[in-house]
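*Asks:*
Residue numbers (our numbering): 3 to 211.
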C-alpha cells in the first residue's frame, strides 16, 4: 500500500466517532449535495441496474441514504475502523474494507458509483488510476457522481485538510480526467458553501457509454 494511503487510513481510524457525529447528518443542511445524490439515485434507477457502490463510505450514512432512495447499495472504505462503525450503525447493509484503485467488484457490474469527497486525498498523479477503476466496474450506461473541493485556478491545489492532506481541483481539469477514463460528464454543479478555505463544492455526474 502506498505511504499516503497508510497515513490517510490511520488518520481516519483515529477520528471515527468524531467524524460520524459531525457528518452523518450533514446533508440536512446541504441541499445542493443532497439533491445531487437524489438525482444520481433517480438516474441509476432508470438504468434498471440498482447495484451501486458508495466508494469511501466512511460511517455509512450515504450508503444508507442510497438504499432509502431505492438502490441496492453497499459501502467500501480504506479505513477498517470506519467499516466497523458502519456495520454497527447499519447492520442490514453490506460494508467492506477496500482500496479505491482495487475495488472488489466484477467488471461492468454496477449501475452507479458514488464518490462523495472520497478522492480528495489522492495525489493528482494517482487519480487517473482511481477513475479508471470506477469506470471498470460500471455497466454501460452506469453513472458516477463524484464530489470534491473545487478551485477556480488552473491546477489542483494541495491543502491541509483537518484529517489528512487533500487536493482541490478545477472542475474542467477533473472532467478531462473523467474523459480519459472513458466517462462522459453530462452535468455539473458548483457552488460556494461560504467555506473558510474559499473552495467551491463541486459535483460532477458522468456516464459510461
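Where a beta carbon is used, it is the ideal one built from N, C-alpha and C, also for glycine.
Note down the Cα distance separating residue 202 from residue 167, rounded to an integer number of angstroms.
*Replies:* Looking up residue 202 in the chain shown gives position 200. Looking up residue 167 in the chain shown gives position 165. When rounded, the distance between both Cα atoms is 17 Å.
*Asks:* Helix, strand or coil for residue 186? Go by DSSP, reduced to three states.
*Replies:* Position 184 of the chain shown, counted from the first residue, corresponds to residue 186. Strand.
*Asks:* Kindly indicate which three-state DSSP category residue 123 falls into: helix, strand or coil?
*Replies:* Looking up residue 123 in the chain shown gives position 121. Here residue 123 sits in coil by DSSP.
*Asks:* Between residue 129 and residue 136, is the Cβ-Cβ spacing less than 8 Å?
*Replies:* Reading the chain shown from its first residue, position 127 is the one you call residue 129. Reading the chain shown from its first residue, position 134 is the one you call residue 136. No, the Cβ-Cβ distance between residue 129 and residue 136 is not below 8 Å.
*Asks:* Do the CB positions of residue 85 and residue 99 come within less than 8 Å of each other?
*Replies:* For this step, residue 85 is matched to residue 83 along the chain shown. For this step, residue 99 is matched to residue 97 along the chain shown. Cβ atoms of residue 85 and residue 99: closer than 8 Å.
*Asks:* Should the region 50-63 be regarded as contacting the region 72-79, the criterion being three or more beta carbon pairs within less than 8 Å?
*Replies:* Touching, yes.
*Asks:* Specify the secondary structure class of residue 3 as computed by DSSP and reduced to three states.
*Replies:* What you label residue 3 is simply residue 1 of the chain shown in a count that begins at 1. Note that residue 3 scores a pLDDT of 49, beneath 50, so its modelled location is shaky; the value from the coordinates is reported in the next line. The answer is coil: DSSP assigns residue 3 none of H, G, I, E or B.
*Asks:* Looking at residue 51: is its Cβ nearer than 8 Å to the Cβ of residue 155?
*Replies:* Here the question's residue 51 lines up with position 49 in the chain shown. Here the question's residue 155 lines up with position 153 in the chain shown. Not closer than 8 Å, so no.
*Asks:* Which word fits residue 122, buried or exposed, when buried means at least 16 other C-beta atoms lie within 10 angstroms of its C-beta?
*Replies:* Position 120 of the chain shown, counting from 1, holds the residue named residue 122. Buried is the call here.
*Asks:* Can the beta-carbon of residue 107 be found less than 8 Å from the beta-carbon of residue 55?
*Replies:* Walking along the chain shown from the start, residue 107 turns up at place 105. Walking along the chain shown from the start, residue 55 turns up at place 53. Closer than 8 Å, so yes.
*Asks:* What is the C-beta distance between residue 97 and residue 207, in whole angstroms, given that I count them as a contact (C-beta under 8 Å)?
*Replies:* Stepping through the chain shown from its first residue, residue 97 is reached at position 95. Stepping through the chain shown from its first residue, residue 207 is reached at position 205. No, residue 97 and residue 207 are not in contact; Cβ-Cβ is about 24 Å, not under 8 Å.
*Asks:* Alpha carbon to alpha carbon, what distance is there between residue 169 and residue 162?
*Replies:* Position 160 of the chain shown, counting from 1, holds the residue named residue 162. Position 167 of the chain shown, counting from 1, holds the residue named residue 169. Distance between the alpha carbons of residue 162 and residue 169: 9 Å.
*Asks:* Distance, Cα to Cα, residue 177 vs residue 211?
*Replies:* Here the question's residue 177 lines up with position 175 in the chain shown. Here the question's residue 211 lines up with position 209 in the chain shown. Rounded to the nearest angstrom, the two C-alpha atoms are 15 Å apart.
*Asks:* Which residues bound the alpha helix (DSSP H) around residue 135?
*Replies:* Looking up residue 135 in the chain shown gives position 133. Unbroken alpha helix (DSSP H) run through residue 135: 129-139.
*Asks:* Within its chain, find whatever has a CB closer than 6 Å to the CB of residue 10; leave out the 5 residues flanking it on each side and keep chain order.
*Replies:* As a position in the chain shown, residue 10 is number 8, starting the count at 1. These residues qualify, in order along the chain: 123, 166.
*Asks:* Taking buried to mean at least 16 other C-beta atoms within 10 Å of its own C-beta, is residue 95 buried or exposed?
*Replies:* As a position in the chain shown, residue 95 is number 93, starting the count at 1. Buried is the call here.
*Asks:* Identify whether residue 53 lies in helix, strand or coil by the three-state DSSP scheme.
*Replies:* Walking along the chain shown from the start, residue 53 turns up at place 51. Three-state result, residue 53: strand.
*Asks:* Between which two residues does the alpha helix (DSSP H) containing residue 63 stretch?
*Replies:* Sequence index remark: in the chain shown, residue 63 carries index 61 (1-based). Residue 63: member of the alpha helix (DSSP H) spanning 63-70, first to last residue.
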